[in-house]
Structure formats: C-alpha cells, structure tokens
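Shown next, in structure tokens, is the structure this report addresses.
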Amino acid sequence: MKPAILVGGQAVIEGVMMRVPGAVATAVRDPKGKILIKRKSFFSITEKSSFWEKPVLRGAASLFEAMKLGYSTLQWSANIAAPPEGPNKKQGKLADIFTIVLSVGLALFLFLILPMWITTKFLNVEKDALWFNIISGGFRI
139 MKPAILVGGQ AVIEGVMMRV PGAVATAVRD PKGKILIKRK SFFSITEKSS FWEKPVLRGA
199 ASLFEAMKLG YSTLQWSANI AAPPEGPNKK QGKLADIFTI VLSVGLALFL FLILPMWITT
259 KFLNVEKDAL WFNIISGGFR I
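What the sequence shown shows, in the numbering used here, is residues 139 to 279, in sequence order.
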C-alpha cells in the first residue's frame, strides 16, 4: 500500500492554495477569466532545525508558518482580483504589519486580559480556582 500524501490548503479569493510536504501551489482566476498558478518550494522551519522538535515549540512554529503562508497567498490572490492602485509597496507592508499587531493585541486584551481583570477586580474569587476559571471563561464566551 502506498503511503498517504499529506495535503492541506485554504480558499483564497477566486482560487485555492494547496500545500504538500516540500511545496505550495496557489491557483487564482484573474478578472479576465485566466487561471494564474504560483508554485514554490516550501520547507517548514521545524524540518530545518532540531531546536523545533519539542511539541510546544513545533506547534507554535507551525501555527506561525501557516498564518504567514495563508496571509501571503490571500494577499497575492487579492492583488490579482483587484490590483493595488498606488505604487507604494512599503506603505502597504507597514499597514499589513500594523493591522496584524493591532489584531493580535486586541484579541489578547479582549479574550485574556479583560476577563481576568474583571473577575479579579469585581468578583473577588481568585482564591477559589474553580469559580475563577468558570467566571473568567464565561466572560470569554
């Protein structure tokens, strides 16, 4: 029996991105109806260094790589569907970085810091771990 080929991917604007061990391909339909294909080799950082062999580190690195790869292919497909009008790529890159940092910061604040602060400040249940987790988890939902 042949070994299974591990394939993953995601939808992008007017297309799809597929990833297999060692490669990534993205196919997108442009506004004129032509299919554009972008192929590149891709090797995970977890395969390049033994530092990333620990489960938590490997998972964090894989999550970051998947987010970065997904964002870049989604951005490429968006540029095909609606090409950017301005010639300033650096400004777009800074806007992307700002958006990502703001999004992650807001998510951490809303779903980690704020529920714990409300539970600690107003409800005084930090000595009882069960109730603390139930209440702060309820705020997260």
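Note that beta-carbon positions come from the ideal geometry of N, C-alpha and C, so glycine has one too.
Closer than 6 Å by C-beta to residue i: which residues in its own chain qualify, once you throw out the five before and the five after it? Chain order, please.
i: I274; result: According to the sequence provided, residue 274 is Ser. The question's Ile does not apply to it. Cβ neighbours of S274 beyond the five flanking positions: P253, M254 and T257.
Is residue i helix, strand or coil by DSSP?
i: M155; result: strand
i: V162; result: strand
i: S187; result: coil
i: F180; result: strand
i: V150; result: strand
i: L174; result: strand
Buried or exposed for residue i, please, with buried defined as at least 16 other CB atoms from any protein chain shown within 10 angstroms of its CB.
i: T164; result: buried
i: S115; result: The structure shown does not extend to residue 115, since the chain is modelled only from 139 to 279, so the question has no answer here.
i: V166; result: buried
i: I173; result: exposed
i: R157; result: buried
i: I218; result: buried
Quick check: the Cα distance between residue i and residue j, rounded to an integer number of angstroms?
i: V154; j: I175; result: 10 Å
i: I143; j: F260; result: 53 Å
i: G171; j: I251; result: 47 Å
i: K186; j: A161; result: 15 Å
i: I151; j: F236; result: 22 Å
i: R278; j: I272; result: 10 Å
DSSP puts residue i in a beta bridge; with which residues?
i: R278; result: Bridge partners of R278: none, in fact.
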